[in-house]
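Per the working numbering, the very first residue in the sequence shown carries number 12; after that it's consecutive. Have a look at the structure below before the remarks.
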Amino acid sequence: MATNSSEIQFSGVLNCIVKEGLITEAEAHNIEAQKTKMPLIRYLVNNKHIDAKVVARHVSAEFGVPFFDLSAIDKSILPYSLVSEKLIRQHHALPLFQRGNRLFIALSDPTNIQALDDIKFHTRLNTETILVEEDKLTRAIESFIDAADTSMDDLLDLDLENIILTDGNEQATEEDTSEIDDAP
């Protein structure tokens with residue numbers, strides 16, 4: 012029994028991209044064959060198969076996930092201390108802001124549920140997906156990590172010249188024992 016190319020179904024994001032006509036089914040088959048362990052959207056954008064903004068808008072509409080332009084965010088409000096660098100790099104996810112007990116996470120792939128679950132586990136906050144463009148997410152993650160490293164360096168570079176070191180064996184002065192003498 013022969014199968015028509017129209018009968019072949021792709022999963023998740025790739026199916027959406029083919030259905031929207033952003034790539035052909037033949038290209039989708041080639042992409043499936045060539046794809047490494049890299050996530051699909053990152054592979055498509057990095058290898059110039061599709062524009063990051065175009066795929067983000069289509070996937071946002073298909074999956075019902077809000078789309079956000081990362082270039083519009085004020086980087087000073089990003090929650091630097093909530094999520095570790097390891098989790099950010101591992102899942103290619105960026106925490107955008109916290110509202111109450113919800114943490115909004117920038118992702119380029121709305122099917123990356125593992126990222127949301129891991130971040131939820133580590134932060135004990137409910138997570139919400141905000142879809143962003145892959146190329147802007149990559150740049151934002153790098154600048155986020157650089158900024159976090161810089162702030163840690165600033166903490167380490169504190170002026171420690173005025174610290175007075177003692178050996179800890181000094182006798183108490185009269186000022187320290189005055190309250191003890193006044194007891195009935």
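Every residue, glycine too, gets a C-beta built ideally from N, C-alpha and C.
With fewer than 16 other Cβ atoms from the protein chains shown falling within 10 Å of its own Cβ, Asp85 counts as exposed. For the 8 angstroms CB-CB criterion, His69 and Glu38 do not form a contact.
When C-alpha distances from Phe74 are compared across Arg53, Glu31, Asp146, Ile42, the shortest belongs to Glu31. In this structure, the beta-carbon distance from Thr138 to Ile116 falls below 8 angstroms. Here Lys97 is exposed: its Cβ has fewer than 16 other Cβ atoms, across all protein chains shown, within 10 Å. Taking C-beta separations shorter than 8 angstroms and ignoring five residues to either side along the sequence, the partners of Ser82 in its chain run Lys147, following chain order. Residue range 137-142 is occupied by the beta strand (DSSP E) that includes Ile141. For the pair His102 and Asp129, the CB atoms are nearer than the 8 angstroms cut-off.
Secondary structure of Leu25 (DSSP, three-state): helix. Residue state for Ala44 is assigned as helix, using DSSP reduced to three classes.
Out of Glu145, Ser154, Gly111, the CA that lies nearest to the CA of Leu136 is found in Gly111. When DSSP assignments are scanned along the stretch 51-91, no uninterrupted stretch of beta strand (DSSP E) that is 3 or more residues long falls wholly within it.
The criterion of a C-beta distance shorter than 8 angstroms is satisfied by Val66 and Leu33.
The shortest CA-to-CA distance from Leu93 to any of Pro50, Phe108, Leu118, Glu144 is the one to Phe108. Remark: C-beta atoms of Glu144 and Ser119 approach each other more closely than 8 angstroms. Distance check between Asn26 and each of Leu127, Thr122, Ala126 places Thr122 closest, using alpha-carbon atoms only. Separation of the CB atoms of Ile156 and Ile99 is rounded to 7 angstroms, and the pair is thereby assigned contact status at 8 angstroms.
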